[in-house]
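Following: one structure in structure tokens, then a few remarks.
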Amino acid sequence: MIKSAALLLATASLLTLGACKPKEVAQVPPATDISKDAVQPEAGKPAADMQAVLDKLASLGGKAIETSSPEEARKQPTPADAVKAIMMEKGIAPDTSVTTKDVSYPAGGGSTQKARVYTPAGATGALPVVLYIHGGGWVIADIDVYDSSPRAIAKAANAVVVSIEYRHAPEARFPAAHDDANAAYQWVLANAAKWGGDPKKVAILGES
11 MIKSAALLLA
21 TASLLTLGAC
31 KPKEVAQVPP
41 ATDISKDAVQ
51 PEAGKPAADM
61 QAVLDKLASL
71 GGKAIETSSP
81 EEARKQPTPA
91 DAVKAIMMEK
101 GIAPDTSVTT
111 KDVSYPAGGG
121 STQKARVYTP
131 AGATGALPVV
141 LYIHGGGWVI
151 ADIDVYDSSP
161 RAIAKAANAV
171 VVSIEYRHAP
181 EARFPAAHDD
191 ANAAYQWVLA
201 NAAKWGGDPK
211 KVAILGES
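Residue 147 in the numbering used here sits at position 137 of the sequence shown, with consecutive numbering throughout.
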């Protein structure tokens, strides 16, 4: 079997090489000069609304997370805190087009973790479901810090979005967070219907 596999691989390699004609060779552009003496491109500027968030975040203080312990990093102000502060200052009401429900699920290691179910207001029928796993390098953040993304996805995709928390490293060593994510997936499949979702249409999404 090993000899047959090797023969097939060799044959495929020869066919691939034979199919590549000189005129089909890709032309690689010259390397970009990144030395300190090179002319640097003009830096882009944040949009006005994003600049307002950055300014507000800076005003909230806090330490750089790369110089903080995991415990300290989890306590630092976040962009979500900055957005909430701006909304309060400007009297901007939260979007009511998506409803939420805080629940919990049985995670790995016998633990119980928080989750939040986002549903488009007034939605009918069995909607597609998205299991959303928040960012933070498996070390920081929670469903409150990453509230805006699942909320926006539920609205734009007309889907039920389930955002979960998981055990954090380094206290919970690998693969604890992955075990929690897998447990959450099984839990979502079992409960999607009662949230108005279709258990046959479940996607997994995350960011960091």
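In this text, a Cβ means the ideal position worked out from N, Cα and C, and glycines have one as well.
**Asked** So, Pro80 versus Pro209, is the Cβ gap smaller than 8 Å?
**Response** What you label residue 80 is simply residue 70 of the sequence shown in a count that begins at 1. What you label residue 209 is simply residue 199 of the sequence shown in a count that begins at 1. No, these two residues do not count as a Cβ contact at 8 Å.
**Proximity of Tyr128 and Leu215 at Cβ, strictly below 8 Å** = Position 118 of the sequence shown, counting from 1, holds the residue named residue 128. Position 205 of the sequence shown, counting from 1, holds the residue named residue 215. Contact: no.
**Request:** For Tyr195, collect the residues of the same chain with a Cβ closer than 8 Å to its Cβ; drop the 5 residues on either side in sequence, then sort them by chain order.
**Result:** Reading the sequence shown from its first residue, position 185 is the one you call residue 195. Leu141, Val212, Ile214, listed in sequence order.
**Asked** Taking contact to mean at least 3 C-beta pairs separated by less than 8 Å, is the segment 106-116 in contact with the segment 192-207?
**Response** yes
**Contacts around Ile163, its chain only, beta-carbon distance under 8 Å, and the 5 residues preceding and following it disregarded** = Position 153 of the sequence shown, counted from the start, is the residue given in the question as residue 163. Tyr128, Val140, Tyr142, Ala169, Val171, Leu215.
**Asked** Roughly how many whole angstroms lie between the Cα atoms of Thr110 and Ala186?
**Response** In the sequence shown, counting from the first residue as 1, residue 110 sits at position 100. In the sequence shown, counting from the first residue as 1, residue 186 sits at position 176. Between Thr110 and Ala186, the C-alpha separation is close to 27 Å.
**Prompt:** Using the C-alpha atoms, what's the distance from Thr106 back to Ala203?
**Reply:** Here residue 203 refers to the residue found at position 193 when the sequence shown is read from its first residue. Here residue 106 refers to the residue found at position 96 when the sequence shown is read from its first residue. Distance between the alpha carbons of Ala203 and Thr106: 23 Å.
**Item:** Same chain, Cβ closer than 7 Å to Asp157, five either side skipped, listed in chain order
**Value:** Along the sequence shown, read from residue 1 onward, the residue named residue 157 stands at position 147. For Asp157, where only same-chain residues beyond five positions count, the Cβ hits under 7 Å are Ala90.
**Item:** Proximal residues to Ala20 (C-beta, below 7 Å), its chain only, five neighbours per side dropped
**Value:** One-based indexing of the sequence shown puts residue 20 at position 10. Per-residue confidence for Ala20 stands at a pLDDT of 39, beneath the threshold of 50, marking its modelled position as unreliable; the derived number appears in the next sentence. Correct list: empty, nothing qualifies.
**Request:** Could you round the C-beta distance between Pro87 and Gly72 to whole angstroms and report it? I think they count as a contact, below 8 Å.
**Result:** For this step, residue 87 is matched to residue 77 along the sequence shown. For this step, residue 72 is matched to residue 62 along the sequence shown. At roughly 5 Å, the Cβ-Cβ gap stays under 8 Å, so Pro87 and Gly72 are in contact.
**Asked** Which residues does DSSP pair with Ser114 in a beta bridge?
**Response** In the sequence shown, the residue the question calls residue 114 occupies position 104. Answer is Lys124.
**Prompt:** What's the gap between the Cα of Val155 and the Cα of Glu52?
**Reply:** Counting from one through the sequence shown, the residue named residue 155 turns up at place 145. Counting from one through the sequence shown, the residue named residue 52 turns up at place 42. Rounded to the nearest angstrom, the two C-alpha atoms are 32 Å apart.
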